[in-house]
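Here's the structure, in structure tokens; my notes come after.
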Amino acid sequence: MDWSHTVDIEGGSLVCRPLTPSRFPHLDRVMGEKVVTRKCFCMHWRRPDGGYRDARDNRGRFAERVGEGRPPGLVGYVGDEPVGWVQVGPREEFPTIYRSRLLRPLDDVEAWAINCFVVRSEFRRRRVAQGLLDAASVFAAEQGAAIIEGYPVDGERSSVVDYFTGTLGMFSRRGFAETERRNETRPIVRLSLD
1 MDWSHTVDIE
11 GGSLVCRPLT
21 PSRFPHLDRV
31 MGEKVVTRKC
41 FCMHWRRPDG
51 GYRDARDNRG
61 RFAERVGEGR
71 PPGLVGYVGD
81 EPVGWVQVGP
91 REEFPTIYRS
101 RLLRPLDDVE
111 AWAINCFVVR
121 SEFRRRRVAQ
131 GLLDAASVFA
141 AEQGAAIIEG
151 YPVDGERSSV
161 VDYFTGTLGM
171 FSRRGFAETE
181 RRNETRPIVR
191 LSLD
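With the first letter of the sequence shown counted as 1, position 179 gets the number 179 in my numbering; the numbers rise by one all the way through.
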């Protein structure tokens, strides 16, 4: 897929491109070697019935998904260096959302979901995640989304890893509005594109 979106970030530009099989090694670079993201590989949201019946690792499962049709998200680049990742797609692709007590859908409206951000540590605090969110919103709109949902954190967490769904401030700056809050720190936000 030959699509890209460029966003200004601190210290330069972030160019976001769809994750395709040829770009999978770039996602490997973003996920790192020994961190939590390497174990999850964005499969948390895609787990059927809370688990898997086969012994493949999440990287293998996700690589398989990348080869099946529409890209599951965007990789962000500073120059030629892959620095970040955002997962975006139709909400029905993410069964974990439907099982979640806090994040289950508010209604039957067809929505897209932006639910995972990964930024390499040396590129944090440069607004890379904000740029990824902006690009994912544009990508979803161009793919036909009428509503986009997010599930950000609003409040302090013990680790940067706990912000993998983004922050409320990021989503608010992009124009998302809070639509539901089932606990103190996990709102559901929406952007209507109608």
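Think of the CB as a built atom: it goes at the ideal place given N, C-alpha and C, for glycine as much as any other residue.
| Inter-residue Cα distance where the pair is V138 and R56 | 33 Å
Count Cβ pairs between the region 140-150 and the region 72-85 that sit closer than 8 Å; are there 3 or more? Fewer than three Cβ pairs drawn from the region 140-150 and the region 72-85 lie within less than 8 Å of each other, which leaves the two stretches out of contact.
Exercise. From the DSSP output, read off the bridge partner residues of P90.
Key: W112
*What residue does the beta strand (DSSP E) around D77 start on, and which one ends it?*
Residue identity differs from the one stated: residue 77 is Tyr in this sequence, not Asp. Per DSSP, Y77 belongs to the beta strand (DSSP E) from 73-78.
Give me the Cα-Cα distance between G32 and P90, rounded to the nearest whole angstrom.
-> 26 Å
TODO: Within the same chain, show all residues whose beta-carbon is closer than 7 Å to that of V128, passing over the 5 residues directly before and after it, in chain order.
DONE: I9, L14, G76, V83, G84, V119
Legend entry - For V30, the three-state DSSP class (helix, strand or coil): helix
Legend entry - Check whether L133 and I147 have beta carbons under 8 Å apart: Not in contact: L133 and I147 (Cβ atoms no closer than 8 Å).
- Would you please verify whether the beta carbon of P105 is less than 8 Å from any beta carbon of chain B? Among the protein chains of the structure shown there is no chain B, as only one such chain exists.
Among all the DSSP beta bridges, which residues are the ones paired with R181? P187
### Message
By alpha-carbon positions, which one of V153, L74, M43 ends up nearest to H5?
### Response
L74
Report the three-state DSSP secondary structure of T37 (helix, strand or coil). helix
Next on the checklist: So for L238, helix, strand or coil by DSSP?
Outcome noted: Outside the shown range of the chain, which is 1 to 194, sits residue 238, and nothing can be said about it.
| What whole-angstrom Cβ distance do F123 and G150 have, given they're in contact under 8 Å? | Actually they are not in contact, since the Cβ atoms of F123 and G150 sit about 21 Å apart, beyond 8 Å.
* Using the beta-carbon count (16 or more within 10 Å), is G131 buried or exposed? -> With at least 16 other beta carbons inside 10 angstroms of its own, G131 counts as buried.
Fill in: Distance, D80 Cα to Y98 Cα
37 Å
Worksheet item: If you count every other CB in all the chains shown that lies within 10 Å of the CB of R109, and 16 or more means buried, which is it?
Response: The question names Arg, but residue 109 in the sequence shown is Val. By the neighbour-count rule (16 or more Cβ atoms within 10 Å), V109 is not buried but exposed.
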